[in-house]
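S.K.: The following block contains the structure, expressed as structure tokens.
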Amino acid sequence: MNSPNFDSSGDNESWDGKGELEWTEKSWKQFLRDADSEVGRFIKIYQSLKDDTQRLDHTALAMGWDAEEWSTDLELTDERSEWSEQFSDEDEFDDMDDDDPYTIHKHPLYVTSRALYGFLNFHWKIIVSDYSNVVNLNDACEFSDSVRNGETNAIMGIHALEMGDYNLVVCHLQRAMEALNQSLGVFQRVLSKENVEVEEEIAGEFQIGFFDLREVWLRVIRECRGTSDFR
0 MNSPNFDSSG
10 DNESWDGKGE
20 LEWTEKSWKQ
30 FLRDADSEVG
40 RFIKIYQSLK
50 DDTQRLDHTA
60 LAMGWDAEEW
70 STDLELTDER
80 SEWSEQFSDE
90 DEFDDMDDDD
100 PYTIHKHPLY
110 VTSRALYGFL
120 NFHWKIIVSD
130 YSNVVNLNDA
140 CEFSDSVRNG
150 ETNAIMGIHA
160 LEMGDYNLVV
170 CHLQRAMEAL
180 NQSLGVFQRV
190 LSKENVEVEE
200 EIAGEFQIGF
210 FDLREVWLRV
220 IRECRGTSDF
230 R
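Position 230 (the sequence shown) corresponds to 229 in numbering that gives the first Met the number 0; numbering is contiguous.
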């Protein structure tokens, strides 16, 4: 994800909404539904590519995100149209309208973070449901708190990215990764308890989602620091 290309000033006219038209509550509700659909579309594509070692970049490609929006490592060729056609469906998910007000709701980093956290939560709920007698209140609260802290810092990091304060981005995403590590720790602690025999696929997919979310944030940190090495 190329952070400089996400830079947007608060003076941008798009902050004023659709030109001279005032957005109503109904308009915003529809906008939020569309934004949620983008998250759902990401999850759908991502899950179908879980065995692909380049699933993050190929999911971004299928989402229609440009290389400049997502990653400098993503080579764009005729592959774009092939992937777009492969994952198009009758619901006709549209890209952000040029007339939409500027918000972070359809920002690639926001969509990806929400989607991958949803992916992790899905697998956590399976564990809680199947082993409700083993997952105690402390486990549940700690996991919930870690997710809340991680999401909050990721969102604040995206806001900082849009303000162009890259050092603040790094600080918030570092905090997000600390919270993410805590989520993994709780998950692994529960799996290590007696009488907990989780399917290998469930545990494996949680690990995949964890490391992919971590990788997304690390990419942004590296670019914000202007170096290819995370220190």
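Backbone N, C-alpha and C fix where the C-beta goes; we use that ideal spot for every residue, glycine too.
Is the beta carbon of Leu115 less than 8 Å from the beta carbon of Leu212?
M.R.: yes
S.K.: Identify the continuous alpha helix (DSSP H) that holds Ile126 and give its terminal residues.
M.R.: 107–129
S.K.: I need the straight-line Cα distance from Trp64 to Gly184, nearest angstrom please.
M.R.: Computed Cα separation, rounded: 32 Å.
S.K.: Select from Thr52, Lys49, Gly39 the residue whose C-alpha is nearest the C-alpha of Met62.
M.R.: Gly39
S.K.: Terminal residues of the continuous alpha helix (DSSP H) containing Thr102?
M.R.: Segment: none, Thr102 is in no alpha helix (DSSP H) and carries neither H nor E.
S.K.: What does the alpha-carbon distance come out to for the pair Asp33 and Gln181?
M.R.: 31 Å
S.K.: What is the DSSP secondary structure of Val133, reduced to helix, strand or coil?
M.R.: coil
S.K.: Could you check how far apart the C-beta atoms of Leu60 and Arg54 are, in whole angstroms? I think they sit under 8 Å.
M.R.: Wrong, their Cβ atoms sit about 10 Å apart, outside the cutoff.
S.K.: At 4 residues or longer, what runs of the alpha helix (DSSP H) sit wholly inside the segment 137–202?
M.R.: 165–190
S.K.: Can you name, in chain order, every residue of its own chain whose Cβ lies under 6 Å from the Cβ of Asn148, other than the five neighbours on each side?
M.R.: Ala178
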